[in-house]
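S.K.: Count along the sequence shown from 1, then add 596; that gives the number in this note's numbering.
Yeah, the Cβ is synthetic: ideal placement off N, Cα and C, and Gly gets one too.
Only a predicted model underlies this, so the values are computations on that prediction, with no experimental measurement involved.
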Amino acid sequence: MVQVVKVARASGDIGYPGWSPLIHVHHVERNVFGNGIAIHIYGEMRIAAKEVVYARELKLNTIQTMTLTAETGSHTSYNVQKYIHAKGEYDNYASVDIFNTATDAEVTAGTGPDEGSVWIDFEALGE
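#1: Could you tell me the boundaries of the beta strand (DSSP E) in which L667 lies?
#2: Find the nearest neighbour of I643 within the set I659, K683 and Q677, judged by alpha-carbon distance.
#3: What is the DSSP secondary structure of A701, counted as helix, strand or coil?
#4: Checking the sheet assignment: what are the DSSP bridge partners for G639?
#5: If you compare alpha carbons, which of E653, S673 and R652 is closest to T699?
#6: Here's the rule: buried if 16 or more other CB atoms are within 10 angstroms of the residue's CB, otherwise exposed. What is S607?
#7: Would you call the region 715-723 in contact with the region 652-665, where contact means no fewer than 3 C-beta pairs closer than 8 Å?
#8: Whose CA, out of E653, A645 and V621, lies closest to the CA of Y638?
#9: Taking C-alpha atoms, which residue in H623, S616 and N688 lies nearest to E711?
#10: Relative to the C-alpha of A666, which candidate in V600, D693 and G632 has its C-alpha closest?
#11: Is E647 helix, strand or coil by DSSP?
Take a look at the structure:
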């Protein structure tokens with residue numbers, strides 16, 4: 597069953613005010629080994645460039661790694677990049693950049709093909 601996360605940002609958060617991503621979590625896998633727990637999350641998010649995703653929005657304490665691929669339903673190629681701020685620290689965030697390779701333009705909020713954003717498949721690993 598898909599868990600839908602509608603992000604509501606607080607005034608102190610990075611990316612407030614502004615657009616917020618819509619996150620669909622499809623699968624959560626927890627691995628316990630020794631004193632640590634690794635959590636692997638699969639899902640989709642509707643997001644635009646210059647937006648951020650917090651660890652808590654992905655049901656994680658911290659984001660260690662994240663793999664992103666664009667899912668647009670068209671033949672337009674998108675280059676998706678991310679920067680994970682303060683890896684390993686509690687409630688860190690990932691900043692997402694999306695570029696349309698046909699026009700060399702950044703897909704900022706309001707300019708994407710799906711309600712101003714792009715659907716991104718993601719896999720995230722954290723604690």
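M.R.: If we stick to the structure as given:
#1: Locating residue 667 in the sequence shown gives position 71, counting from the first residue. The displayed chain sequence assigns Glu, not Leu, to residue 667. For E667, the enclosing beta strand (DSSP E) starts and ends at I659 to E667.
#2: The sequence position of residue 643 within the sequence shown is 47, counting from 1. With distances taken between CA atoms, I643 lies nearest to Q677 out of I659, K683 and Q677.
#3: Taking the first residue of the sequence shown as position 1, residue 701 is located at position 105. In this structure, DSSP gives A701 an extended state, which the three-state scheme calls strand.
#4: The residue labelled residue 639 in the question sits at position 43 within the sequence shown. The partner list for G639 (beta bridge, DSSP) reads V621 and F718.
#5: Residue mapping note: residue 699 aligns to position 103 of the sequence shown, counting from 1. It is S673 whose Cα lies nearest to the Cα of T699.
#6: Reading the sequence shown from its first residue, position 11 is the one you call residue 607. Any answer about S607 is weak, because its pLDDT of 47 lies below 50 and its placement is not dependable; what the coordinates show is given next. Exposed.
#7: With the cut-off at 8 Å, the region 715-723 and the region 652-665 touch.
#8: On the sequence shown, residue 638 is found 42 positions in, with the first residue counted as 1. Checking every option, the nearest Cα to that of Y638 belongs to V621.
#9: What you label residue 711 is simply residue 115 of the sequence shown in a count that begins at 1. Comparing Cα-Cα distances from E711 to each of H623, S616 and N688, the minimum goes to S616.
#10: Reading the sequence shown from its first residue, position 70 is the one you call residue 666. For A666, the closest alpha carbon among the candidates V600, D693 and G632 is that of D693.
#11: For the purposes of this step, residue 647 is identified with residue 51 of the sequence shown, where counting begins at 1. Of the three classes helix, strand and coil, the one that applies to E647 here is strand, per DSSP.
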